[in-house]
Amino acid sequence: MTMIEFTVQDMTCGHCAATITDAVKAVDPDGRCDIDLAAKRVRVESAFPAERIAAAISKAGFSVSSINALSVSGSRPTTFAE
Ligand SMILES: [Cu+2]
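For what it's worth, the working numbering labels the leading residue of the sequence shown as 1, then goes sequentially.
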């Protein structure tokens, strides 16, 4: 699993967040998506490549301005648990 952080500047409201979450889940139904609207940040934990997730976010109508892979590990970080 990789934790990937995307910056999406044109994400402005809860509807945007829901649209992005749906787009991420369409790529990876088992992925985890955590959105911080104020920080314009989308955190995704997924086994899929960052480019693949970024493409889905772009396709949903948003522009991804940065991509950061935060960690790579065989298990889920406990801090990311619900
Ligand atoms: Cu919106």
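Glycine included, each C-beta is placed from N, C-alpha and C at the ideal position.
Straight-line Cα distance separating residue j from residue i
{"i": "K40", "j": "I57", "result": "13 Å"}
{"i": "A26", "j": "A60", "result": "11 Å"}
{"i": "N68", "j": "A38", "result": "18 Å"}
{"i": "L70", "j": "T2", "result": "7 Å"}
{"i": "S12", "j": "A18", "result": "Correcting the residue type first, residue 12 is Thr in the shown sequence and not Ser. Roughly 11 Å between the two C-alpha positions."}
Whole-Å CB distance - residue i paired with residue j, under 8 Å assumed
{"i": "S63", "j": "D22", "result": "S63 to D22, Cβ: 17 Å. No contact."}
{"i": "I20", "j": "A50", "result": "Contact doesn't hold; Cβ gap of about 14 Å is too wide."}
{"i": "V24", "j": "C33", "result": "4 Å"}
Exposure of residue i, with buried meaning 16 or more beta-carbon neighbours within 10 Å
{"i": "E45", "result": "buried"}
{"i": "A47", "result": "exposed"}
Which of helix, strand or coil DSSP assigns to residue i
{"i": "C33", "result": "strand"}
{"i": "A39", "result": "coil"}
{"i": "S66", "result": "strand"}
{"i": "T12", "result": "coil"}
DSSP beta-bridge partners of residue i
{"i": "F6", "result": "V42 and I67"}
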